[in-house]
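Here's the structure we're looking at; comments come further down.
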Amino acid sequence: MFAALAVPRGALAHARLVGSDPPDLCAGVPASADSRCVTGVVVAAPPPVIRLTFNEPVQPIGRGIRVVAPSGRRVERGPARGTGRSVSVDVDAAEQGTYVVNWRVVSGDAQPERGRFTFTVGRPTATVAPVPDDRRTASRSGFVLAVVGRALHFLGYALGFGSLAFRWLVLRPLAVPRVAAFDRVLWRLTRFGVVALVLAEPLVVLGLALRLGISGDADVLVDVLESRVGLVTGQRLGVALALWAVLAALEIGSSTSLKLGLALGIALAVIDGQAVHAVSVRPLAAGLVTNALHVAAMATWVGTVIALLVAWRAAAVTPLRAAIARRAGHVAAITLLVAIGSGTLLSFQHLTGTGDLASTFYGRVIVAKVAALIVILAFASAGRRKGVGAPERWWQGELAALIAVLLLAAVLVSLPPPA
Numbered sequence: 003m004f005a006a007l008a009v010p011r012g013a014l015a016h017a018r019l020v021g022s023d024p025p026d027l028c029a030g031v032p033a034s035a036d037s038r039c040v041t042g043v044v045v046a047a048p049p050p051v052i053r054l055t056f057n058e059p060v061q062p063i064g065r066g067i068r069v070v071a072p073s074g075r076r077v078e079r080g081p082a083r084g085t086g087r088s089v090s091v092d093v094d095a096a097e098q099g100t101y102v103v104n105w106r107v108v109s110g111d112a113q114p115e116r117g118r119f120t121f122t123v124g125r126p127t128a129t130v131a132p133v134p135d136d137r138r139t140a141s142r143s144g145f146v147l148a149v150v151g152r153a154l155h156f157l158g159y160a161l162g163f164g165s166l167a168f169r170w171l172v173l174r175p176l177a178v179p180r181v182a183a184f185d186r187v188l189w190r191l192t193r194f195g196v197v198a199l200v201l202a203e204p205l206v207v208l209g210l211a212l213r214l215g216i217s218g219d220a221d222v223l224v225d226v227l228e229s230r231v232g233l234v235t236g237q238r239l240g241v242a243l244a245l246w247a248v249l250a251a252l253e254i255g256s257s258t259s260l261k262l263g264l265a266l267g268i269a270l271a272v273i274d275g276q277a278v279h280a281v282s283v284r285p286l287a288a289g290l291v292t293n294a295l296h297v298a299a300m301a302t303w304v305g306t307v308i309a310l311l312v313a314w315r316a317a318a319v320t321p322l323r324a325a326i327a328r329r330a331g332h333v334a335a336i337t338l339l340v341a342i343g344s345g346t347l348l349s350f351q352h353l354t355g356t357g358d359l360a361s362t363f364y365g366r367v368i369v370a371k372v373a374a375l376i377v378i379l380a381f382a383s384a385g386r387r388k389g390v391g392a393p394e395r396w397w398q399g400e401l402a403a404l405i406a407v408l409l410l411a412a413v414l415v416s417l418p419p420p421a
């Protein structure tokens, strides 16, 4: 992965403001660093329209742009209009003085963005109109909630579909006989996965709405649901409910239903790519396929380890422990290679170079994820050498590190790549 990142590349997959009319003089500059950030550009005539331009297509959320006059009154005329990379709103900026512009949008990879700047008509006012600014608090709480939701989604995917992959890739080739107690526990894992998938979506949507500032603007939540976020949320819930619907047929041992369940898992992995940075990869199909491979490989690995722990405790399958462990080890090795290869390709697209690994939070999370993978490899290697005599705590250690990887993955897809 480090070798691949040695070649600098332009960053992708994150909407940012690249221009505005009136212009934002202090884009990316702390307000305290320049006095111009307080009053903004000074224009002689009131602008009839506020127009924002982004580096990629975006969708305005809520009213999109809010403009506050020096007197404190709102002067935008109706909600903002979005056309591709441009968002604009008509304004009545007849007052002399300093205006505050707040904007919020959702990008093509379903990442929420907010910002604010000022401009002055005629001469600056002595005191800028007080405008509530909860961006830092709302962004922090929304980010945490979105990460928890996405981590729950990844865990649900691993439990729901990883356990089905364990049946197809491990138990079926070994012709393991059906043992009622063991079978019930495996199906319980699948049901827990479905429940986690369903519970995850409201958390993600609410987290994104909080990051955009849901307080004081009820339109925000509605617009989030009408954006790409809502589309992907509906598709994810549809897949989860479809899996729940076929569980009855799965539990009676229908091989056709098992294939259908695995197909739903593949579909969900592709759907996930629509709401993360994979949508920036060109061609788009390459990004979606690479992301789907990465998600499916990690879920199969986690599901296999959890199912292996269940098998370890099932007395009825004790004679088959060695064969199950060997087969599960082969599956884990293959999914590891797929996860590392696909993850490297995605990292190559979203980092500008190896320097980002130390200088950006996004890069440091990737480093932490790689460190967790090294821990996993140590546990897996030790367990494979010991074979059936490996202590159960080694599998538990590998599982704990895998859960950490899922959490770090949830953080990654909630962060903008380096710009």
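Quick note on the numbering used here: the sequence shown kicks off at 3 and runs consecutively.
Virtual Cβ for every residue (Gly too), placed ideally from N, Cα, C.
As the structure is a prediction and not an experimental result, all values here were calculated from the model.
Express the C-alpha separation of Arg18 and Pro418 in angstroms, rounding to a whole number.
Along the sequence shown, one-based indexing puts residue 418 at 416. Along the sequence shown, one-based indexing puts residue 18 at 16. Going from the Cα of Pro418 to the Cα of Arg18 covers about 10 Å.
Pick out whichever of Ala242, Ile342, Thr292, Ala402 has its Cα sitting closest to the Cα of Leu311.
Within the sequence shown, residue 311 is the residue found at index 309, counting from 1. Of the listed residues, the one whose Cα sits closest to Leu311 is Ala402.
Output the distance between the C-alpha atoms of Ala6 and Val340, rounded to the nearest integer angstrom.
For this step, residue 6 is matched to residue 4 along the sequence shown. For this step, residue 340 is matched to residue 338 along the sequence shown. Note that Ala6 has pLDDT 35, beneath the 50 cutoff, so the model's placement of it is unreliable and the number below is only indicative. Rounded to the nearest angstrom, the two C-alpha atoms are 16 Å apart.
Look at Leu245 and Tyr159 and say whether their C-beta atoms are less than 8 Å apart.
Here residue 245 refers to the residue found at position 243 when the sequence shown is read from its first residue. Here residue 159 refers to the residue found at position 157 when the sequence shown is read from its first residue. No.
Residues of its chain near Ala182, where Cβ-Cβ distance is below 6 Å and the 5 sequence neighbours each way are ignored:
Residue mapping note: residue 182 aligns to position 180 of the sequence shown, counting from 1. Excluding residues within five positions, none has a Cβ falling inside 6 Å.
For the alpha helix (DSSP H) that contains Arg213, what are its first and last residues?
Within the sequence shown, residue 213 is the residue found at index 211, counting from 1. Here the alpha helix (DSSP H) through Arg213 covers 182-214.
Simplified DSSP assignment, three categories, for Gly144
Counting from one through the sequence shown, the residue named residue 144 turns up at place 142. In this structure, Gly144 counts as helix in the three-state DSSP scheme.
Within the stretch 153-181, note down every full alpha helix (DSSP H) run reaching 4 residues or more, in order along the chain.
165-168
Entirely enclosed alpha helix (DSSP H) segments - the stretch 353-399, minimum 4 residues:
358-361, 363-388
Roughly how many angstroms separate the alpha carbons of Val20 and Asp26, rounded to a whole number?
Along the sequence shown, one-based indexing puts residue 20 at 18. Along the sequence shown, one-based indexing puts residue 26 at 24. Going from the Cα of Val20 to the Cα of Asp26 covers about 9 Å.
Scan the stretch 79-114 and note each continuous beta strand (DSSP E) run of 3 residues or more that stays entirely inside, going in chain order.
88-93, 99-109
Here's the rule I'm using: 16 or more other beta-carbon atoms within 10 Å means buried, otherwise exposed. How should Ile52 be labelled?
Along the sequence shown, read from residue 1 onward, the residue named residue 52 stands at position 50. With 16 or more Cβ atoms within 10 Å of its Cβ, Ile52 is classed as buried.
Opening and closing residue of the alpha helix (DSSP H) in which Thr235 lies:
For this step, residue 235 is matched to residue 233 along the sequence shown. Here the alpha helix (DSSP H) through Thr235 covers 230-253.
Alpha carbon to alpha carbon, what distance is there between Ser416 and Ile254?
Numbered from its first residue, the sequence shown carries residue 254 at position 252. Numbered from its first residue, the sequence shown carries residue 416 at position 414. Roughly 39 Å separates the two Cα atoms.
Comparing C-alpha positions only, which one of Val372, Ile378, Leu410 sits nearest to Arg395?
By one-based count along the sequence shown, residue 395 stands at place 393. Of the listed residues, the one whose Cα sits closest to Arg395 is Ile378.
Counting pairs of Cβ atoms below 8 Å between the stretch 145-162 and the stretch 120-131, do you hit three or more?
no
Under the rule that 16 or more other beta-carbon atoms within 10 Å means buried, what is Leu409, buried or exposed?
Mapped onto the sequence shown, residue 409 falls at position 407. It counts as buried.
Can you tell me which of Leu290, Leu205, Val108, Pro393 puts its alpha carbon nearest to the alpha carbon of Glu58?
Mapped onto the sequence shown, residue 58 falls at position 56. The shortest Cα separation from Glu58 among Leu290, Leu205, Val108, Pro393 belongs to Val108.
Do Leu199 and Ala309 come within 8 Å of each other at the CB atom, strictly closer than that value?
Against the sequence shown, residue 309 aligns to sequence position 307. Against the sequence shown, residue 199 aligns to sequence position 197. Result no, Cβ atoms of Ala309 and Leu199 do not sit closer than 8 Å.
Using the C-alpha atoms, what's the distance from Ala95 back to Gly345?
Here residue 345 refers to the residue found at position 343 when the sequence shown is read from its first residue. Here residue 95 refers to the residue found at position 93 when the sequence shown is read from its first residue. If I take the Cα positions, the gap works out to 49 Å.
So what does Ser22 bridge to, in DSSP terms?
Stepping through the sequence shown from its first residue, residue 22 is reached at position 20. DSSP lists Leu54 as partners of Ser22.
For a test of the three-state rule: what should DSSP assign to Pro62, helix, strand or coil?
As a first step, residue 62 is located in the sequence shown; it is residue number 60 there, counting from the start. Pro62: strand per DSSP, three-state reduction.
Span of the alpha helix (DSSP H) around Val272:
Residue numbering aside, residue 272 sits at position 270 when the sequence shown is read from its first letter. Counting along the chain, the alpha helix (DSSP H) containing Val272 begins and ends at 257-274.
Given 8 Å as the limit, is there contact between the stretch 66-74 and the stretch 84-93, that is, 3 or more CB pairs closer than that?
yes
Are Leu414 and Ile368 close, meaning C-beta to C-beta below 8 Å?
As a first step, residue 414 is located in the sequence shown; it is residue number 412 there, counting from the start. As a first step, residue 368 is located in the sequence shown; it is residue number 366 there, counting from the start. Yes, the Cβ-Cβ distance between Leu414 and Ile368 is below 8 Å.
Thinking C-beta only, is Val248 closer than 8 Å to Ser259?
As a position in the sequence shown, residue 259 is number 257, starting the count at 1. As a position in the sequence shown, residue 248 is number 246, starting the count at 1. Cβ distance < 8 Å, so Ser259 and Val248 count as in contact.
Taking 8 Å as the cut-off, decide whether the C-beta atoms of Val226 and Ile63 are in contact.
By 1-based counting over the sequence shown, the position of residue 226 is 224. By 1-based counting over the sequence shown, the position of residue 63 is 61. Yes, they are a contact pair.
Is the separation between the beta-carbon of Val307 and that of Leu404 shorter than 8 Å?
Counting from one through the sequence shown, the residue named residue 307 turns up at place 305. Counting from one through the sequence shown, the residue named residue 404 turns up at place 402. Yes, these two residues count as a Cβ contact at 8 Å.
Using a Cβ-Cβ cutoff of less than 6 Å, which residues in the same chain neighbour Ala325 once the five nearest sequence positions on both sides are dropped?
Position 323 of the sequence shown, counted from the first residue, corresponds to residue 325. Cβ within range, chain order: Leu176.
Can you tell me which of the three DSSP states Val297 falls into?
Stepping through the sequence shown from its first residue, residue 297 is reached at position 295. Residue state, collapsed to three classes: helix.
Bridge partner(s) assigned by DSSP for Val69
Translated into the one-based positions of the sequence shown, residue 69 becomes position 67. DSSP lists Val103 as partners of Val69.
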